[in-house]
Amino acid sequence: MRTYAMTGGATGIGAQLRQQLLDDGHTVISVDIKEGDVVADLSTAEGRQAAIEGVRALAPDGLDGFIPCAGLPPVAKPLSLITGVNYFAVIATVQGLRDLLEKKRGSVLFVSSNSAPMVASDDPYVAACLAGDEDAACSDIEGRDGHTAYAGSKRALTLWMRRHVVEYAAAGVRLNAVAPGITMTPLTERVYADAELGSVMKEFGDSVPVGRTAQPADIANVMRFMLSDAASYVCGSIFFVDGGSDAMLRPDDF
14 MRTYAMTGGA
24 TGIGAQLRQQ
34 LLDDGHTVIS
44 VDIKEGDVVA
54 DLSTAEGRQA
64 AIEGVRALAP
74 DGLDGFIPCA
84 GLPPVAKPLS
94 LITGVNYFAV
104 IATVQGLRDL
114 LEKKRGSVLF
124 VSSNSAPMVA
134 SDDPYVAACL
144 AGDEDAACSD
154 IEGRDGHTAY
164 AGSKRALTLW
174 MRRHVVEYAA
184 AGVRLNAVAP
194 GITMTPLTER
204 VYADAELGSV
214 MKEFGDSVPV
224 GRTAQPADIA
234 NVMRFMLSDA
244 ASYVCGSIFF
254 VDGGSDAMLR
264 PDDF
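As structure tokens, this is what we get:
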């Protein structure tokens with residue numbers, strides 16, 4: 014059986030995936046701000062280091078996989094929190110656990126979003142994230158909007174993954190990302206309840222080609238596959254799990 018570590022495993026997609034992996038007989042080390050094997054606030058540098066140290070203490074022999082699921086929705090305030098948790102915490106923990114993944118030739122499965130392509134790769138916010146300048150990224154986003162903070166953080170995350178695939182693969186670690194569409198989780202419910210974004214989310218949800226929004230299991234099922242031996246040749250991929258929405262919006266861009 015395998016050993017996995019994940020952030021954000023207490024609710025939503027993370028909780029669904031965690032339960033699936035446990036049901037398969039694997040060990041899952043959960044990092045969360047309130048409930049988890051490791052309790053850490055990923056919005057701070059100290060919390061990220063605590064998460065890394067906590068996982069290292071529980072998995073000294075290595076990790077078969079790491080799934081950074083923790084994230085904040087576009088309605089979170091201040092917007093710098095979205096930047097810190099959705100991007101910088103993910104990169105910090107991936108880098109901090111890299112040697113454990115190398116020990117077992119494991120994989121990292123990032124959680125992107127089908128909204129990531131909505132922000133340009135050369136956007137100053139995305140560029141600041143990729144440059145590793147958290148202060149600059151947080152400063153830039155505070156004058157903008159929640160959608161840009163969220164989608165831009167996911168854009169930067171996906172670009173980081175793609176740009177590091179060769180380096181990590183050479184060390185035996187596969188990097189991939191899943192890009193969910195609207196998924197009915199507690200975080201999504203906060204967006205639906207928002208006065209500004211709620212109507213937009215509902216309209217977008219109603220437009221999904223397959224005729225419904227996702228449940229956490231829809232996303233977790235794909236993630237479970239991507240962590241398995243059946244996906245051992247999948248590397249550097251962005252797997253859209255959005256009921257066809259990305260194809261609807263960008264039919265000629267892939």
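FYI, in my numbering the residues of the sequence shown are 14 to 267.
Quick reminder that beta carbons are idealized off the backbone N, C-alpha and C, glycines included.
Can the beta-carbon of residue i be found closer than 8 Å to that of residue j?
i: Y100; j: L188; result: no
i: L262; j: A162; result: no
i: V88; j: D207; result: yes
i: S128; j: A164; result: yes
i: T16; j: A72; result: yes
i: V221; j: S258; result: yes
i: I95; j: I232; result: no
i: R168; j: V132; result: yes
i: G22; j: R31; result: yes
i: G84; j: V98; result: yes
i: M14; j: I80; result: no
i: P86; j: V223; result: no
Mapping the DSSP letters down to three states, classify residue i as helix, strand or coil.
i: I80; result: strand
i: S120; result: strand
i: N127; result: coil
i: L35; result: helix
i: L55; result: coil
i: F267; result: coil
i: V103; result: helix
i: V254; result: strand
i: M14; result: coil
i: V247; result: coil
i: G49; result: coil
i: A150; result: helix
i: P137; result: helix
i: G25; result: helix
i: V221; result: coil
i: K167; result: helix
i: D74; result: coil
i: A63; result: helix
i: G156; result: coil
i: K90; result: coil
i: D259; result: helix
i: L85; result: coil
i: D207; result: coil
i: S212; result: helix
i: A182; result: helix
Which one of the options has the shortest CA to CA distance from residue i?
i: P199; options: Q29, M19, A18; result: Q29
i: L55; options: D37, C82, T40; result: C82
i: R118; options: L76, T106, V98, D153; result: L76
i: A182; options: S120, T196, L240; result: S120
i: M239; options: T24, L34, H177; result: L34
i: W173; options: S134, P264, C151; result: S134
i: A70; options: P86, I80, V51; result: V51
i: G185; options: K116, D158, V124, V68; result: K116
i: E155; options: K90, A105, T40, T226; result: K90
Which residues does DSSP list as the beta-bridge partners of residue i?
i: M19; result: S43, I80
i: T196; result: A227
i: N189; result: L122
Count Cβ pairs between the stretch 109 to 124 and the stretch 59 to 68 that sit closer than 8 Å; are there 3 or more?
Between the stretch 109 to 124 and the stretch 59 to 68 there are three or more C-beta pairs closer than 8 Å, enough to call the two in contact.
Taking contact to mean 3 or more Cβ pairs, one atom from each stretch, closer than 8 Å, check whether the stretch 122 to 137 and the stretch 178 to 193 are in contact.
Flag = yes, the stretch 122 to 137 and the stretch 178 to 193 touch.
With three or more beta-carbon pairs closer than 8 Å as the criterion, would you say the stretch 241 to 248 touches the stretch 40 to 47?
Touching, no, given that fewer than three Cβ pairs across the two stretches are closer than 8 Å.
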